[in-house]
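Note that the protein sequences, when read in sequence, are chains Y and X.
The first sequence: position 5 = 61 (our numbering), numbered continuously.
The second sequence: position 20 = 57 (our numbering), numbered continuously.
Where a beta carbon is used, it is the ideal one built from N, C-alpha and C, also for glycine.
Here the structure is a predicted model, which means the values were calculated and not measured.
What follows is a single structure, written as structure tokens, with notes after it.
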Amino acid sequence: GESVGLHLPTLSVQEGDNSIINCAYSNSASDYFIWYKQESGKGPQFIIDIRSNMDKRQGQRVTVLLNKTVKHLSLQIAATQPGDSAVYFCAENKEGAGNMLTFGGGTRLMVKP
Amino acid sequence: NAGVMQNPRHLVRRRGQEARLRCSPMKGHSHVYWYRQLPEEGLKFMVYLQKENIIDESGMPKERFSAEFPKEGPSILRIQQVVRGDSAAYFCASSPPGGRPPLNEQFFGPGTRLTVL
């Protein structure tokens with residue numbers, strides 16, 4: 057079936073460096089994508105979203121890039137901080153396919169001081 | 038301004054017992070979603086409800102699982118005759134009315150961790 061998946065299960069970066077977390081999706085009809093951050097023992101926290109009519113969207117220290125040609129989504133975190141350590145999930149939705157968000161398997165980001 | 042509340046935070050049940058998980062959405066939110074998360078995995082959609090209505094239950098197992106969101110009170114996810122495979126974290130999310138779900142930002146609660154012995 058359709059799925060959203062991630063390339064790297066664990067990413068380790070040095071504090072202050074930039075982080076890039078990748079996500080591949082297989083449903084070319086998906087038109088809405090979200091990145092969530094989940095810290096241990098907590099619920100997912102919304103980071104940033106993007107619709108399929110956009111290629112890039114920026115927030116505070118975070119940027120999401122969408123490449124519809126290769127069905128690839130990435131989350132860039134600038135000047136990574138220890139507080140960024142968490143598991144990051146991408147999720148997608150397709151209009152008309154119901155109200156569910158389909159989540160990927162997650163990437164664990166570890167920030168070394 | 039309280040966020041999404043879930044209780045209990047931890048629930049232990051023996052096989053065959055019933056589990057009741059409660060979710061109080063954020064103030065003013067009329068959409069509630071339930072997700073299940075196994076260790077080291079992403080969340081899996083279960084059900085989407087509005088007040089007194091189940092809108093989408095395509096992710097709910099056909100047996101033993103039910104959900105409701107009454108006019109008054111929290112949303113309830115009920116699991117009857119629990120089995121070990123039901124052990125997971127169950128998250129509730131809520132979003133405000135209007136717009137195309139789930140494009141309205143979903144705010145997640147802290148989850149209920151169910152352990153079936």
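- Task: Pair every Cβ in the segment 59 to 75 of chain X with every Cβ in the segment 94 to 113 of chain X, then say whether three or more of these pairs are closer than 8 Å.
- Result: Because the criterion of three Cβ pairs below 8 Å is met, the segment 59 to 75 of chain X and the segment 94 to 113 of chain X touch.
- Task: Return the Cβ separation of Val143 of chain Y and Thr125 of chain Y in integer angstroms, given the expectation that the two are a contact with Cβ distance under 8 Å.
- Result: About 28 Å separates the two Cβ atoms, so there is no contact after all.
- Looking only at its own chain, which residues have a Cβ that is under 6 Å from the Cβ of Arg115 of chain X, when we skip the five neighbours before and after it? Arg57, Ser103
- Task: Starting from Arg132 of chain Y, follow the beta strand (DSSP E) in both directions and report where the run begins and ends.
- Result: As written in the sequence, residue 132 of chain Y is Gln, which differs from the Arg given in the question. First-last of the beta strand (DSSP E) with Gln132 of chain Y: 128 to 133.
- Close-in-space but distant-in-sequence residues of the same chain around Asp87 of chain Y (CB under 7 Å, 5 per side omitted): Arg107, Ser108, Lys150, Glu151
- Item | Where Arg52 of chain X sits in the DSSP three-state scheme | coil
- Item | Given 8 Å, three or more beta-carbon pairs between the segment 142 to 154 of chain X and the segment 107 to 123 of chain X | yes
- Task: Kindly give me the distance between the Cβ atoms of Gly161 of chain Y and Gly79 of chain X, rounded to whole angstroms, as I take these residues to be in contact under 8 Å.
- Result: 5 Å
- Query: Does any CB atom of chain X fall closer than 9 Å to the CB of Met156 of chain Y?
  - Reply: Yes, Met156 of chain Y lies at the interface with chain X (some Cβ there is under 9 Å from its Cβ).
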